[in-house]
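So the structure is just underneath, and the comments pick up after that.
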Amino acid sequence: MKFEFFIALRYVFAKHKLNFITIISYLSLIGITLGTAALIIVLSVFNGFGSLVTSFLINFDPHIRIESKSEFSEDNQLRLKSIFEENGYKNYTGFVQGKVIVKQSDLIQVVNLKGISSSAISDVYNINSSIVLGDSSLGEDNFPKVLIGVLLADRLRATIGDTLTIASPSAIERGILTLSIPKFSKAIVNGIFASNSNEYDASFIFIDLLNGQSVLGYRNDIQGYEIKLSNISHTDKAKSVLNELLKEEFEISTWYDFHKELFSVMQIERWVAYMLLSLIIAVAVFNILGSLTMSVIEKKRDIGILISLGVDESSIKNIFMYQGLFIGIIGTISGFVLSFIVYFIHINYNIYPLDPLLYKINALPMELQFIDFITVGFSATTLSYLASILPSKKAAKINPVESIKWE
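Using the working numbering, the first residue of the sequence shown is number 832, and each one after it goes up by one.
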């Protein structure tokens, strides 16, 4: 190890009396520690909420949706099924979806009716794990069964076993044009789900695909296919593969595309929080600049002696640059340790509990990610190193004769 390291370490850890310079140095160290810890903790909360929101959304959303830009012919259906099998996409379903009017007693709601295959309840979606009343099976007979959200059930005052009357706008329109009674469909409420998403809980009804086609007037056609991958992180790659295979004949969307605006807002909030909390580190960096500048003045005689002994300018500069770097590294590591302690205490003792009835979770979510430690650590140590450049240059320009002359 070069002698510059030893001298820099001695300046940082030397036992000396408490004075203004040491106070500023300690404040710099504390500032970097607190700033680093605050950034890691806040970013871990954003990570936790991001993962939580994603888990809520993909319960009822597919990983990938494929829709035809024209008619979804039988040949297209066979072609897509072949592509799915070749690429190992085993969990998929054809679907139809549209607005319908649903009536229970004298209560009426306009909702989204979605027809899916019965196996997709668990293979493509996680609806079965969200059932709070009844079960998730869908009947495939002339009197189908449906699944409805808790908020919709409340608005319709419907419970398990109740019969819903369903009519599509197209059926009502045909009835008006032909001056006949519109065709209404009947369905039994077989399950009530709570998805943690108001969109689904208040305005979605799930029905088996055949009856969904009948209600919405699709006959044997489908609107598209929805796929669940074995790993959600492969979504972008799968979308690329499908785009390459299907060219421009189909519109391919991912779960992220469905909620792009939400995730964009969350990303902006994350960066705003990062920039604001970085000000704590910035203040600490200015303190490093000030403390090193005064340290150069205090160590003027030492610098003069070193120069007179033949130490070159670059070595003098390195001493003070290493000093700033050491403060940054020590502060960063201390911040990491502090953030780990806070994370451990919160995970085990819920230091910030939440009301699960209001927020769907019982504590503030936190999720540590390695990339955050890299980003924050690199920023803190780099800024600390840069803050030492000006004082180190000043130290290297000291005249050894003048610095020793008056001592």
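From the three backbone atoms N, C-alpha and C, an ideal C-beta is built for every residue, glycine too.
Note that this is a predicted model, so its numbers are computed, not measured.
Item: Own chain, CB closer than 8 Å to I1112, minus 5 neighbours either side, in chain order; Value: G862, I863, G866, T867, L870, S1210, A1211 and L1214
Item: Other residues of its chain near A1218: CB distance less than 6 Å, five sequence neighbours each side excluded; Value: V1116, I1119, L1120 and G1155
Item: Bridge partner(s) assigned by DSSP for A1018; Value: L995
Item: DSSP-derived helix/strand/coil call for N922; Value: strand
Item: Assigned secondary structure, V955 (DSSP; H/G/I helix, E/B strand, else coil); Value: coil
Item: Residue interval of the alpha helix (DSSP H) (run including G1208); Value: F1201 to A1218
Item: Assigned exposure category for M832 - 16 Cβ within 10 Å defines buried; Value: Caution is warranted here: a pLDDT of 49 is assigned to M832, below 50, making its placement in the model unreliable, and no coordinate value can be reported.
Item: Terminal residues of the alpha helix (DSSP H) in which L909 lies; Value: E905 to E917
Item: I1038 beta carbon less than 8 Å from that of A1025; Value: no
Item: Identified DSSP bridge partners for N943; Value: K930 and F1035
Item: Unbroken beta strand (DSSP E) run spanning S1084, endpoints; Value: F1081 to T1085
Item: DSSP state of I1023 mapped onto helix, strand, coil; Value: strand
Item: K1059 burial status per 10 Å Cβ neighbour count (16 or more: buried); Value: buried
Item: K1228 - DSSP class collapsed to helix/strand/coil; Value: coil
Item: Start and end residues, alpha helix (DSSP H) containing I986; Value: The sequence shown places Arg at residue 986, rather than the Ile named in the question. V981 to L987 is the span of the alpha helix (DSSP H), which, as asked, contains R986.
Item: For L1107, the three-state DSSP class (helix, strand or coil); Value: helix
Item: Same chain, Cβ closer than 8 Å to T1066, neighbours up to 5 away in sequence not counted; Value: H894, I895, L1060, T1085, W1086 and Y1087
Item: Beta-carbon proximity list for F880, same chain, < 8 Å, skipping 5 on both sides; Value: M1097 and P1196
Item: Counted within 10 angstroms of its Cβ, other Cβ atoms place N1149 as buried (16 or more) or exposed; Value: buried
Item: CB-CB length for G1043 against L978, believed under 8 Å; Value: Actually they do not touch by this definition, with Cβ atoms about 12 Å apart.
Item: Within 8 Å, strictly: CB atoms of V963 and I1023; Value: yes
Item: Whole-number beta carbon distance between Y923 and Y1056, since they are thought to touch under 8 Å; Value: 5 Å
Item: When N1062, V873, L858 and S859 are compared against R1101, the one with the closest alpha-carbon; Value: V873
Item: Residue nearest to F1201 in terms of C-alpha spacing, selected from V1173, F1167, L1221 and Y1216; Value: F1167
Item: Burial state of Y1183 (16 or more Cβ within 10 Å); Value: exposed
Item: Local conformation of N1073 per DSSP, three classes; Value: The question names Asn, but residue 1073 in the sequence shown is Leu. Helix at L1073.
Item: Cβ pair F1245, I958 closer than 8 Å; Value: With the chain running from 832 to 1238 in the structure shown, residue 1245 is simply not present.
Item: Option in L883, A1104, V931 and E917 with minimal Cα separation from E1198; Value: L883
Item: Proximity test, Cβ basis, 8 Å: N1042 and chain B; Value: Absent from the structure is chain B; it holds one protein chain and no more.
Item: Proximity winner among F837, T990 and A1104, relative to L982 (alpha-carbon distances); Value: T990
Item: Unbroken beta strand (DSSP E) run spanning L964, endpoints; Value: I962 to G965
Item: Collapsed DSSP secondary structure at Y857 in the structure displayed; Value: helix
Item: Rounded C-alpha distance that separates S899 from E916; Value: 19 Å
Item: Closer than 7 Å: S967 CB and nearest the ligand MG heavy atom; Value: Here there are no bound small molecules, and the ligand MG is not part of this structure.
Item: Backbone secondary structure at P1196 - three-state DSSP; Value: coil
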